[in-house]
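Residues in the sequence shown are numbered consecutively from 409, following our numbering.
Here's the structure we're looking at; comments come further down.
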Amino acid sequence: MNRIGHTGKHAKKILFLALALLLALSAAGCGQGGATGDSGGGAAAVDGGDGAGNERVSIVATIFPPYDLARAVSGGLADVSMLLPPASESHSFEPTTRDIISIQDCDLFLYIGGESDEWVDGILESMDTSSMRVLPMMDSVATVEEEIVEGMQEEEEELALAEEEEVEYDEHIWTYPGNAKLMLEAITEALCEIDGANAPAYRENAEAYSAQLDELDAAFQDLVAEAPLKTVVFGDRFPFRYFADAYGLDYFAAFPGCSTETEASAATVAFLIDKIKEEGIPVIFHIELSNGRMAEAIGEATGAKPMLLHACHNISKDDFESGLTYIDLMWGNVDSLKEALS
Ligand SMILES: [Zn+2]
409 MNRIGHTGKH
419 AKKILFLALA
429 LLLALSAAGC
439 GQGGATGDSG
449 GGAAAVDGGD
459 GAGNERVSIV
469 ATIFPPYDLA
479 RAVSGGLADV
489 SMLLPPASES
499 HSFEPTTRDI
509 ISIQDCDLFL
519 YIGGESDEWV
529 DGILESMDTS
539 SMRVLPMMDS
549 VATVEEEIVE
559 GMQEEEEELA
569 LAEEEEVEYD
579 EHIWTYPGNA
589 KLMLEAITEA
599 LCEIDGANAP
609 AYRENAEAYS
619 AQLDELDAAF
629 QDLVAEAPLK
639 TVVFGDRFPF
649 RYFADAYGLD
659 YFAAFPGCST
669 ETEASAATVA
679 FLIDKIKEEG
689 IPVIFHIELS
699 NGRMAEAIGE
709 ATGAKPMLLH
719 ACHNISKDDF
729 ESGLTYIDLM
739 WGNVDSLKEA
749 LS
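Written out as structure tokens, the structure reads:
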């Protein structure tokens with residue numbers, strides 16, 4: 409009798425929400441505390457929470473950007489966890505049984521919805537999602553197709569896909585702070601619907617984070633407007649399409665955003681070296697969790713300085729535990745970009 413199981417689950421959920429409301433009211437009575445800290449720190453967050461934390465709304469995010477935004481909106485009032493372990497590669501992520509259980513048990517599931525999330529559909533199909541909200545972040549922004557620019561090395565798989573004329577949208581939507589703002593809004597709306605009692609607090613938290621995103625956006629705009637150079641070069645994959653489009657930057661890179669290639673051809677390397685020399689570009693970028701070897705080699709050949717431009721897929725364990733945010737990482741990028749465009 410499926411229906412009985414269903415009703416039971418709903419009743420349980422209502423009980424949990426009532427408990428969450430009681431807890432929120434008592435917390436409000438003691439004054440607002442711990443606005444920035446996520447509940448229970450890094451270890452508990454990665455854990456996915458089973459049992460003990462169930463009276464609070466639980467949010468599960470696949471990777472760092474939606475995790476960070478949900479954490480900012482919840483301000484400690486909801487449990488937010490990230491499936492991707494800190495410091496690990498997001499493109500090859502495969503969920504464990506524990507991850508699947510934490511998705512099944514959550515109230516709000518956040519994922520990007522691109523190439524790296526192909527595993528999500530199958531898992532969602534296999535579970536009862538009637539009592540949870542599922543939010544693919546790519547639905548909240550205007551997406552563009554993944555692009556191969558001059559000099560970029562295509563993967564064999566990509567070439568095969570191109571032949572099938574399958575459109576592949578670039579999943580790195582969050583690299584542009586304006587998109588992060590739209591993602592933040594979508595998360596806020598969903599969370600307010602699930603947990604109406606805390607909606608005023610969620611909206612207030614979202615407004616504060618949104619203002620910080622605006623500041624960041626303005627900093628990038630001003631920086632590019634004043635910069636003598638408008639071209640960036642990556643001796644690596646290029647997940648910054650949305651970012652470059654938004655700020656009017658030209659770019660050259662070894663591979664497109666989600667490529668699994670690590671070894672560039674001699675022609676690709678020679679092309680990037682020529683570009684740097686031609687335009688007098690002072691910095692050769694690599695992204696996070698990359699060995700940076702190609703950027704280093706190109707740096708040695710050209711005198712350009714190898715630097716990190718953080719695409720925020722994921723962060724180190726230490727940074728995760730200390731509560732580093734998307735905003736923090738992106739301000740680091742403001743400094744690096746300033747150097748690269750000077
Ligand atoms: Zn990526």
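Beta carbons are placed, not taken as given, at the ideal position from N, Cα and C, and that holds for glycine.
This one's a predicted model, so the numbers in the text were calculated from it and none came from an experiment.
Out of the options, which one is the CA nearest neighbour of residue i?
i, options, result
"residue 538", "589, 514 and 728", "514"
"residue 722", "493, 635 and 654", "493"
"residue 619", "519, 588 and 710", "588"
"residue 497", "518, 512 and 525", "525"
"residue 551", "626, 577 and 606", "577"
"residue 501", "596, 603, 617 and 668", "668"
"residue 732", "477, 581 and 635", "477"
Looking at residue j and residue i, is the spacing between their C-beta atoms short of 8 Å?
i, j, result
"residue 544", "residue 720", "no"
"residue 393", "residue 645", "The chain is shown from 409 up to 750; residue 393 falls before or after that span and cannot be answered."
"residue 599", "residue 717", "no"
"residue 748", "residue 640", "yes"
"residue 652", "residue 586", "no"
"residue 464", "residue 486", "yes"
"residue 677", "residue 706", "yes"
"residue 546", "residue 530", "no"
"residue 643", "residue 689", "no"
"residue 660", "residue 685", "no"
"residue 532", "residue 507", "no"
Should residue i be counted as a contact of ligand 2 given a C-beta to heavy atom distance under 7 Å?
i, result
"residue 474", "You won't find ligand 2 in this model; what it holds is ligand 1."
Any idea which residues DSSP pairs residue i with across the strands?
i, result
"residue 541", "516"
"residue 714", "692"
"residue 577", "553"
Check whether chain B comes within 8 Å of residue i, counting only Cβ atoms and requiring the distance to be less than that.
i, result
"residue 727", "As a matter of chain content, chain B is missing from the structure shown, which is built from one protein chain."
Who's in the neighbourhood of ligand 1, going by beta-carbon under 7 Å from any heavy atom, listed in chain order? Per the Cβ criterion, the list is 498, 499, 524, 579, 580, 645, 647, 665, 666, 719 and 721.
Runs of beta strand (DSSP E) lying entirely within the segment 618-703, each at least 3 residues, in chain order: Uninterrupted beta strand (DSSP E) stretches at least 3 residues long and entirely within the segment 618-703 occur at 639-646, 658-664 and 691-694, given in chain order.
Within the segment 465-523, ranges of the beta strand (DSSP E) (whole runs, at least 3 residues): Fully enclosed beta strand (DSSP E) runs of 3 or longer: 466-469, 487-490 and 516-519.
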